[in-house]
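Q:
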Amino acid sequence: MDVFIKPVKKALITGRKAVRLNDIAEVYCQGNTNLNIGDTIVFNIPENSSKNEYLISVVDIVRAIGQRLPDATINNVGEMDTIIEYSPEAANERPVYDAFKIAFVCVVLFGGAMTAIMSFHSDAQMPVIFQNIYRLFFGIESTKPYIIYIPYSIGLAVGIIVFFNHFGGKYITKDPTPIEVQMTTYEKETTDSVIDNLSREKQNDNS
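Converting from the sequence shown to my numbering requires adding 1164 to each position, the first position being numbered 1.
(1) Can you tell me the Cα-Cα spacing of E1217 and I1248, whole angstroms?
(2) So, at 8 Å on beta carbons, what are the nonlocal neighbours of L1320 in its own chain, with the 5 sequence-adjacent residues on each side left out?
(3) Following the continuous alpha helix (DSSP H) through N1296, name the residue where it begins and the one where it ends.
(4) What span of residues does the beta strand (DSSP E) with D1245 cover, start to end?
(5) Inspect the beta-carbon positions of P1171 and I1188 and report whether they are closer than 7 Å.
(6) Measure the Cβ-Cβ separation of F1328 and T1349 and say whether it is below 7 Å.
(7) What does S1221 pair with, by DSSP beta-bridge criteria?
(8) Let me know the secondary structure DSSP gives I1324 once reduced to three states.
(9) Going by other Cβ atoms of all chains shown within 10 Å of its Cβ, with 16 needed for buried, is A1228 buried or exposed?
(10) For F1294 versus I1318, is the C-beta distance shorter than 7 Å?
(11) Out of D1369, I1324, Y1316, which one is the CA nearest neighbour of M1290?
(12) For S1180, count the other beta carbons within 10 Å of its own beta carbon; 16 or more makes it buried, fewer makes it exposed. Which is it?
(13) Of the residues N1240, N1200, M1244, which one's Cα is nearest the Cα of S1363?
(14) For the beta strand (DSSP E) holding D1166, just list the boundary residues, first then last.
(15) Measuring straight from C-alpha to C-alpha, what distance separates T1337 and Q1367?
(16) Could you tell me how far apart the beta carbons of V1167 and I1238 are, in whole angstroms, since I believe they sit closer than 8 Å?
(17) For I1343 and K1265, what's the separation of their Cα atoms in angstroms?
(18) Can the beta-carbon of I1169 be found closer than 7 Å to that of N1240?
(19) Hey, how far is the Cα of V1271 from the Cα of D1262?
(20) Could you tell me if L1273 is buried or exposed, where buried requires 16 or more neighbouring beta carbons within 10 angstroms of its beta carbon?
(21) What do you get for I1304, buried or exposed, if any count of 16 or more other CB atoms within 10 angstroms of its CB means buried?
Encoded structure:
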């Protein structure tokens, strides 16, 4: 009998100690779909433990399935290690606090972006450049060439919107935004680092 498993890299367990196979992996049993292998308990959260992150390797999953189905051939098509994030109870929703955090982050981001753009324009002496462009095209000196300022400002805003592929809660295309790509990369690297730390702790505990 062939059993195919596809473990995920991270799973959240709330309110219970038993971690079942269905919680951390997709399971397919070729030839018999009535075995409910997904109900197999792979790991139990230790009692009175202060940790909230645990590591389950594919070896632990294979061992748990092997105890239930000794003759099964287990094929892993997913991750080699899975992080379990354990929470004894569901997190309470705090809409006011969440709204405050979002507003604070927006202010910081917009303030930082505004300062960066203004600093760049100041360092590059963009006002002088615009004045020179206006003089070359129109032959007139002007300290405030709005005919250049306004299109440039509009183009800068449109360019930022197109680059980030996101405006007012709507996407321009279905492609992920640069921020989403960077956040995904950051999350993957963070998860890999946590897996390495938990793996070392696990080896030290077994030695």
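C-beta atoms are modelled at their ideal positions from N, C-alpha and C, and glycine is treated no differently.
A: On the basis of the supplied data:
(1) The sequence position of residue 1217 within the sequence shown is 53, counting from 1. The sequence position of residue 1248 within the sequence shown is 84, counting from 1. E1217 and I1248 have their C-alpha atoms some 5 Å from each other.
(2) Here residue 1320 corresponds to residue number 156 of the sequence shown, with the count starting at 1. Once the five neighbours on either side are set aside, the close Cβ partners of L1320 are I1281.
(3) In the sequence shown, the residue the question calls residue 1296 occupies position 132. Element bounds for N1296: 1290-1302.
(4) Counting from 1 along the sequence shown, the entry for residue 1245 is found at position 81. For D1245, the enclosing beta strand (DSSP E) has its first and last residue at 1245-1251.
(5) To locate residue 1171, count along the sequence shown from 1; it is residue 7. To locate residue 1188, count along the sequence shown from 1; it is residue 24. In this structure, I1188 lies closer than 7 Å to P1171 by Cβ.
(6) Against the sequence shown, residue 1328 aligns to sequence position 164. Against the sequence shown, residue 1349 aligns to sequence position 185. It is not a contact, given that the beta carbons lie outside the stated cut-off.
(7) The residue labelled residue 1221 in the question sits at position 57 within the sequence shown. Answer is D1245.
(8) Numbered from 1 along the sequence shown, position 160 holds the residue referred to as residue 1324. The answer is helix: DSSP assigns I1324 an H, G or I state.
(9) Taking the sequence shown and counting its residues from 1, the one referred to as residue 1228 is at position 64. Buried.
(10) Position 130 of the sequence shown, counted from the start, is the residue given in the question as residue 1294. Position 154 of the sequence shown, counted from the start, is the residue given in the question as residue 1318. Contact: no.
(11) Working through the sequence shown from its first residue, we reach residue 1290 at position 126. It is Y1316 whose Cα lies nearest to the Cα of M1290.
(12) As a working note, residue 1180 is residue 16 in the sequence shown. The question names Ser, but residue 1180 is Arg in the sequence shown. R1180 is exposed by the Cβ-count criterion.
(13) In the sequence shown, counting from the first residue as 1, residue 1363 sits at position 199. For S1363, the closest alpha carbon among the candidates N1240, N1200, M1244 is that of M1244.
(14) Indexing the sequence shown from 1 puts residue 1166 at position 2. Residues 1166-1171.
(15) Locating residue 1337 in the sequence shown gives position 173, where the first residue counts as 1. Locating residue 1367 in the sequence shown gives position 203, where the first residue counts as 1. In a straight line, the C-alpha of T1337 is about 46 Å away from that of Q1367.
(16) Numbered from 1 along the sequence shown, position 3 holds the residue referred to as residue 1167. Numbered from 1 along the sequence shown, position 74 holds the residue referred to as residue 1238. Right, the Cβ-Cβ distance comes to about 5 Å (below 8 Å), so this counts as a contact.
(17) If you number the sequence shown from 1, residue 1343 lands on position 179. If you number the sequence shown from 1, residue 1265 lands on position 101. Approximately 18 Å, taken between the alpha carbons.
(18) Position 5 of the sequence shown, counted from the first residue, corresponds to residue 1169. Position 76 of the sequence shown, counted from the first residue, corresponds to residue 1240. Result yes, Cβ atoms of I1169 and N1240 sit closer than 7 Å.
(19) Counting from 1 along the sequence shown, the entry for residue 1271 is found at position 107. Counting from 1 along the sequence shown, the entry for residue 1262 is found at position 98. V1271 and D1262 have their C-alpha atoms spaced approximately 14 Å apart.
(20) For the purposes of this step, residue 1273 is taken as residue 109 along the sequence shown, with counting starting at 1. L1273 comes out exposed.
(21) Mapped onto the sequence shown, residue 1304 falls at position 140. Under this definition I1304 is an exposed residue.
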